[in-house]
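Using this note's numbering, the first residue of the sequence shown is number 5, and each one after it goes up by one.
For reference, the structure is listed below as structure tokens.
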Amino acid sequence: MKRKVSLLERKQQPIYWGRAIVVGMIGTLLMMSWMDIFYLAGATPFAYELYLGSLLRGTQYGTHNWTIGFCANLLIGSLFGCFYAYFFEYVYFRADARIGLKVALWHILAATFAIFPFFNALHEFVGTGLYPDFGILGSSLGLFTVFLLIVGHFLFGASTGLLYGGVKVDRAREVRFEPGVSGFHSHR
Numbered sequence: 005m006k007r008k009v010s011l012l013e014r015k016q017q018p019i020y021w022g023r024a025i026v027v028g029m030i031g032t033l034l035m036m037s038w039m040d041i042f043y044l045a046g047a048t049p050f051a052y053e054l055y056l057g058s059l060l061r062g063t064q065y066g067t068h069n070w071t072i073g074f075c076a077n078l079l080i081g082s083l084f085g086c087f088y089a090y091f092f093e094y095v096y097f098r099a100d101a102r103i104g105l106k107v108a109l110w111h112i113l114a115a116t117f118a119i120f121p122f123f124n125a126l127h128e129f130v131g132t133g134l135y136p137d138f139g140i141l142g143s144s145l146g147l148f149t150v151f152l153l154i155v156g157h158f159l160f161g162a163s164t165g166l167l168y169g170g171v172k173v174d175r176a177r178e179v180r181f182e183p184g185v186s187g188f189h190s191h192r
């Protein structure tokens, strides 16, 4: 027997696109900040911004590598925010930090076996010479780098899950009964 679906639930967008993009960017900011702390402390030679910026500019050195890499990482993070939103809406039917950590496991696997190898192949093709022989999840840069990358992805997942909010009918209720909407006002 099919479950009855309310009109409120039927009128909802399948994914809250705006929030997914924003929380993906926030998660990316946290992940990049996490890595940058240890990059600036000299604990790891890896920085997301330089990694992607040097690839896009085609050179290892340049004044705008960091800036271009920063913007490109925010864009990629927003796409991953949509990927996480799909899991929240259709696989787990809720969003919180714990669910975000579960999705982060898939994100780490994708980064390990698809994303970083793809970008490393592009680095070799372009000939930037940045991080040659990157290894599995940056293993050639040291085990501490691998640890930092894994924790960074978990930070992304937990923050995305925490900030995404309600899914489906819960999202509709959040919007409908929020103070200031539909005649409800909070008084101080």
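Glycine included, every Cβ here is placed at the ideal spot set by N, Cα and C.
Along the alpha helix (DSSP H) that carries G81, what are the first and last residues, could you check? N69 to Y90
Under 9 Å between the Cβ atoms of F160 and G142? no
Between L167 and the rest of its own chain, which residues show a CB-CB distance below 7 Å, the 5 nearest in sequence each way excluded? V27 and I30
Please look up how many angstroms separate the CB atoms of I19 and Y90, rounded, as I've assumed it's under 8 Å. 6 Å
Am I right that L147 and P49 are in contact with their C-beta atoms under 8 Å? What's the rounded C-beta distance? In fact, because the Cβ distance is near 13 Å, the residues do not count as touching under 8 Å.
Determine the direct distance from the alpha carbon of K6 to that of A45, and round the result to whole angstroms. 57 Å
Measuring only the C-alpha atoms, how far is N77 from K8? 41 Å
For E53, count the other beta carbons within 10 Å of its own beta carbon; 16 or more makes it buried, fewer makes it exposed. Which is it? buried
Start-to-end residues for the alpha helix (DSSP H) that takes in Y65: First-last for Y65: undefined, no H or E at that position.
Quick one, are the C-beta atoms of L113 and F158 less than 9 Å apart? no
Other residues of its chain near G133: CB distance less than 6 Å, five sequence neighbours each side excluded: Q64
I19, DSSP secondary structure in three states: coil
Using CA atoms only, rank isn't needed, just tell me which of R102, V107 and T116 is closest to I140. T116
If we call anything under 9 Å between Cβ atoms a contact, is N69 one with G81? no
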